[in-house]
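See below for the structure under consideration.
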């Protein structure tokens, strides 16, 4: 499966399991449909108000519920989500990937940004 990401100028091929997830999520036919559900407010317990596919997952929800614990588990308490993007770009460049290709992967229109 291929998916347009970013400013719709980059077409990326996805592994089969990711393509399957994207194709079978609620509202999959809508091009701007959320990949992960947001949450409803209220209630109590683990899911409180429950999941809501008409809302996007808030950045802080992912950070607080998943990313922070993962960073803590590997002893990187100061790790930011954006650091993963920088690391990927550095590894691509260090492996000899042409800078123009790294820029395309990152969605940069100009290699100077990369």
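In my numbering, the protein residues as written are 179 to 292.
Every residue gets a Cβ at the ideal spot worked out from N, C-alpha and C, and that includes glycine.
Values in this document were obtained by computation on a predicted structure and should not be read as measured data.
At the level of alpha carbons, what is the spacing between residue i and residue j?
i, j, result
"residue 284", "residue 262", "12 Å"
"residue 251", "residue 245", "10 Å"
"residue 217", "residue 232", "9 Å"
"residue 241", "residue 259", "8 Å"
"residue 207", "residue 213", "12 Å"
"residue 278", "residue 249", "30 Å"
"residue 235", "residue 271", "31 Å"
"residue 200", "residue 192", "10 Å"
Could you check what DSSP says for residue i in three-state terms: helix, strand or coil?
i, result
"residue 197", "helix"
"residue 268", "helix"
"residue 180", "Since pLDDT at residue 180 reaches only 49, below the 50 mark, its modelled position is unreliable, and no value is offered."
Where do the ends of the alpha helix (DSSP H) carrying residue i lie?
i, result
"residue 279", "277-284"
"residue 239", "237-240"
At what residues does the beta strand (DSSP E) containing residue i begin and finish?
i, result
"residue 232", "229-234"
Pull up the DSSP beta-bridge partners for residue i, would you.
i, result
"residue 216", "230"
Considering only heavy atoms of the ligand COA, does any lie closer than 7 Å to the CB of residue i?
i, result
"residue 213", "With respect to the ligand COA, the structure shown offers nothing to examine, as it has no ligands at all."
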